[in-house]
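One structure is given here, and the rest of the page talks about it.
In my numbering, the protein residues as written are 15 to 74.
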């Protein structure tokens with residue numbers, strides 16, 4: 015399940031905290047999340063998409 019929408023099957027893994035702003039966490043496994051291709055491409059530049067909440071469930 016994709017963390018943003020919960021509809022599409024995640025086919026990619028991406029960094030929850032952007033590498034450009036949080037370079038120290040770029041290799042931390044808990045910073046990697048499953049994400050669908052559509053969500054990854056659409057929200058690549060947005061840290062938190064407008065009107066959406068995102069939780070990294072892999073750390074719980």
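Quick reminder that beta carbons are idealized off the backbone N, C-alpha and C, glycines included. As the structure is a computational prediction, the values presented were derived from the model and not from experiment.
- With fewer than 16 other beta carbons inside 10 angstroms of its own, residue 37 counts as exposed.
- The DSSP-derived three-state label of residue 32 is coil.
- Non-local C-beta neighbours of residue 24 in its own chain, meaning closer than 6 Å and more than five positions away in sequence, comprise 16, 48, 49, 50, ordered along the chain.
- The C-alpha of residue 52 is placed about 12 Å away from the C-alpha of residue 28.
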